[in-house]
Every structure is written in structure tokens, then in C-alpha cells.
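Per this note's numbering: the sequence shown = residues 6 to 129.
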Amino acid sequence: MDFIDLTPITLQHTPLGTRSQWPKEHDRQLDWAKLSALIRDNQDVIAVVQAGLAEDWLNTHGTIWDDQRGYYRHPNDNRDFDDTVFWAASTWATPAILVTFHNELTQAFACDKKGNDPDFHYLG
Numbered sequence: 006m007d008f009i010d011l012t013p014i015t016l017q018h019t020p021l022g023t024r025s026q027w028p029k030e031h032d033r034q035l036d037w038a039k040l041s042a043l044i045r046d047n048q049d050v051i052a053v054v055q056a057g058l059a060e061d062w063l064n065t066h067g068t069i070w071d072d073q074r075g076y077y078r079h080p081n082d083n084r085d086f087d088d089t090v091f092w093a094a095s096t097w098a099t100p101a102i103l104v105t106f107h108n109e110l111t112q113a114f115a116c117d118k119k120g121n122d123p124d125f126h127y128l129g
């Protein structure tokens with residue numbers, strides 16, 4: 006898996022006063038198999054990977070992998086909060102990743118597949 010296989014995406018923010026139940030447009034979830042392959046094949050150039058929903062990034066993202074710890078093993082766990090709270094599925098937004106490279110450049114990519122599983126599935 007290489008970055009050329011992913012679609013770049015723009016991250017956005019939904020202001021707190023405007024969030025409500027959005028109409029259902031689709032069922033999309035994070036594509037863990039694609040994400041795992043991307044990290045496995047490119048960890049020599051990746052510093053950090055975050056996941057969340059592209060259309061509401063500031064309220065939904067969290068770190069899932071970095072070059073120091075590897076995979077963060079307890080995401081979305083309020084007993085052991087370590088900046089890994091993130092949304093992995095949505096009926097209206099696009100699950101996405103933000104990759105920070107060793108040269109400190111960042112790039113966001115859509116990384117989703119059909120499905121509605123909001124849980125995490127680390128394959129690393």
C-alpha cells in the first residue's frame with residue numbers, strides 16, 4: 006500500500022452550535038486493513054497517524070499510531086485517556102487519516118469502506 010493509492014481530503018470543522026443529527030447519507034467506517042498496510046509499508050517515513058471524520062476533524066480525531074509507541078492499544082477508553090479518542094464510522098462524514106511525516110509535513114487522506122462498525126480494529 007502506498008500513499009498514491011489513497012485519495013487526499015480536506016479536513017474541516019463543524020462549529021459546536023451547529024451540530025445536530027445529520028441526515029443519513031451512507032454507512033462508512035475506517036478501513037483498518039488499508040490503514041494497517043499503509044503503516045506497515047511506510048513506517049520508515051511516517052511519524053504519526055491520526056484518525057477521525059474529515060468533515061468534523063477537530064471534534065473527532067485522535068492519535069492511533071506513532072513511531073515511538075507503535076499502535077495506541079486502548080483508543081476511546083475513558084479509563085486510560087492518551088489522546089486516542091476518535092470516531093471511526095459515520096452516516097454522514099468521511100472517515101479519514103492525517104499522516105505526519107518525519108520531515109514534519111502532513112497530509113490528510115480519505116480511508117474508508119462501506120460499513121458502520123464504530124469500534125477500532127488494530128491489525129498491527
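Glycine included, every Cβ here is placed at the ideal spot set by N, Cα and C.
query, result
"Chain-order list of residues whose beta-carbon lies under 7 Å from that of H31 (same chain, five-residue window excluded)", "T96"
"Cβ-Cβ separation, L103 to Q34 (assumed contact under 8 Å), whole Å", "Incorrect: roughly 17 Å between the Cβ atoms, too far for contact."
"Best match in H18, D7, D36 for proximity to D122 [C-alpha to C-alpha]", "D36"
"Alpha carbon of I51 to alpha carbon of K118, nearest angstrom", "23 Å"
"Buried or exposed (CB count within 10 angstroms, at least 16 for buried), A59", "buried"
"Option in D7, L16, Q17 with minimal Cα separation from A38", "D7"
"C-alpha distance - S41 paired with G120, whole-angstrom precision", "17 Å"
"First and last residue of the uninterrupted beta strand (DSSP E) at A59", "A59 -> no beta strand (DSSP E), and no H or E assigned at all."
"Nearest residue (CA-CA) to F76, options D61, T65, R45", "It is worth fixing the name first, because residue 76 is Tyr in this sequence and not Phe. It is R45 whose Cα lies nearest to the Cα of Y76."
"For N47 and D61, the rounded distance between their alpha carbons", "26 Å"
"C116 vs L16 beta-carbon contact at 9 Å", "no"
"Contact check, I14 vs A94, beta carbons under 9 Å", "no"
"Q73 versus V90, D49, A98, residue with shortest Cα-Cα distance", "D49"
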